[in-house]
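Novice:
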Amino acid sequence: GINAEYGKQWYQRRVRGPKTWAWLLGLLHVLSNLKDLWRLQKVQNAATRFIAGRRSLFSTSDLRKKLHFLPVKQRIQYKLCLLTYKALNGLAPAYLSKLVQRRKHKQKNLRRDTDVSYLERKYTRYCSSKGAFSVAAPAVWNDLPKPLRDSASVLSFKANLKTHFFKKAYDC
48 GINAEYGKQW
58 YQRRVRGPKT
68 WAWLLGLLHV
78 LSNLKDLWRL
88 QKVQNAATRF
98 IAGRRSLFST
108 SDLRKKLHFL
118 PVKQRIQYKL
128 CLLTYKALNG
138 LAPAYLSKLV
148 QRRKHKQKNL
158 RRDTDVSYLE
168 RKYTRYCSSK
178 GAFSVAAPAV
188 WNDLPKPLRD
198 SASVLSFKAN
208 LKTHFFKKAY
218 DC
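Numbered continuously in the working numbering, the sequence shown closes out at residue 219.
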């Protein structure tokens, strides 16, 4: 048989590799169409069982938690936030950086309006547009805690972001 370490390495190369951001951009419509999310989750569950060498009768939630895998929804949000962080800090391609803008300081005296770490939200009436990077990124980014949005480096941002989504996914 295939051992668990080989399965985990295969998963990381194929599913969690460096080209995942392109995969994400193709799947952003999922954020607006959550009814299709279960299909992707089934694929991840099968990969999790394969890596752990378990049959389909076992629950994958505990296995994913043990392997430190984020569920598909949180994985998409993680990648979206990481791309947004890179776009805001000049580490992403220019075409992505142009799609997100920090909120400008407003004259109102609201607490949220003075925080420039928020992004300008773009609203749309069309469901097909809700998956666009320029619409989805600010929606997910603005829900992050301020200390996370203000991270000093990509490495600290990635570590804290995964911890944030891991706690959110598994209620720990």
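No residue lacks a Cβ here, since even glycine has one placed at the ideal position from N, Cα and C.
(1) What residue does the alpha helix (DSSP H) around residue 128 start on, and which one ends it?
(2) Per DSSP, what kind of secondary structure is residue 149 in: helix, strand or coil?
(3) Taking only three categories from DSSP, how would you classify residue 110?
(4) According to the neighbour-count rule (16 or more other Cβ atoms, all chains shown, within 10 Å of its Cβ), is residue 128 buried or exposed?
(5) Consult DSSP for residue 87 and reduce its assignment to one of helix, strand or coil.
(6) Taking only three categories from DSSP, how would you classify residue 70?
(7) Is residue 208 helix, strand or coil when you go by DSSP?
(8) Along the chain, where does the alpha helix (DSSP H) containing residue 196 start, and where does it finish?
(9) From the DSSP secondary-structure annotation, give me the bridge partner or partners of residue 166.
Specialist: The relevant details are as follows:
(1) What you label residue 128 is simply residue 81 of the sequence shown in a count that begins at 1. Residue 128 -> alpha helix (DSSP H) spans 119-135.
(2) Working through the sequence shown from its first residue, we reach residue 149 at position 102. Three-state DSSP puts residue 149 in a strand.
(3) Here residue 110 is taken as the residue at index 63 of the sequence shown, counted from 1. Three-state DSSP puts residue 110 in a helix.
(4) Position 81 of the sequence shown, counted from the first residue, corresponds to residue 128. When all chains shown are included, residue 128 counts as buried.
(5) Taking the first residue of the sequence shown as position 1, residue 87 is located at position 40. Helix at residue 87.
(6) Taking the sequence shown and counting its residues from 1, the one referred to as residue 70 is at position 23. Note on residue 70: pLDDT 45, under 50, position unreliable in the model; no value is reported.
(7) In the sequence shown, counting from the first residue as 1, residue 208 sits at position 161. Looking at residue 208 - three-state DSSP - the assignment turns out to be helix.
(8) Residue mapping note: residue 196 aligns to position 149 of the sequence shown, counting from 1. Per DSSP, residue 196 belongs to the alpha helix (DSSP H) from 193-196.
(9) Position 119 of the sequence shown, counted from the first residue, corresponds to residue 166. Looking at the DSSP assignment, residue 166 forms a beta bridge with 149.
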